[in-house]
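Notes to accompany the following structure.
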Ligand SMILES: [Zn+2]
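Numbering (full-length UniProt numbering), first residue to last: 1 to 104.
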């Protein structure tokens with residue numbers, strides 16, 4: 001059997017191509033809010049990051065997230081996002097494990 005085609009996206013921090021469901025989407029909404037979008041369905045310009053805090057920090061340091069979102073993310077937004085990122089990291093990993101089970 002041919003393997004199913006998995007949609008790939010690139011992490012804006014480490015530039016690695018990953019299956020979409022293994023990346024965390026950060027979205028800039030039409031209201032210019034920057035937030036983490038675990039559903040992957042929010043409207044706006046999105047950027048993808050590996051579900052790793054190290055990649056989030058790298059994206060902040062290199063301003064890769066700003067570039068990907070075409071928006072200057074304010075430092076207080078970054079600290080808010082970092083808190084959210086830490087919080088969703090566990091949830092995200094749990095979801096991923098569940099999703100992997102479904103594939104079998
Ligand atoms: Zn990454």
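Yeah, the Cβ is synthetic: ideal placement off N, Cα and C, and Gly gets one too.
Cα-Cα, which of 34, 25, 17 is closest to residue 72?
34
Got a sec: does ligand 1 put a non-hydrogen atom nearer than 7 Å to the Cβ of residue 16?
yes
Using the three-state DSSP reduction, which class does residue 11 fall into: helix, strand or coil?
strand
Could you pull the start and end residues of the alpha helix (DSSP H) that residue 59 belongs to?
53 to 62
8 Å Cβ shell around residue 135 - same chain, five flanking residues per side excluded:
Absent from the model: residue 135. The displayed extent of the chain is 1 to 104, so no value can be given.
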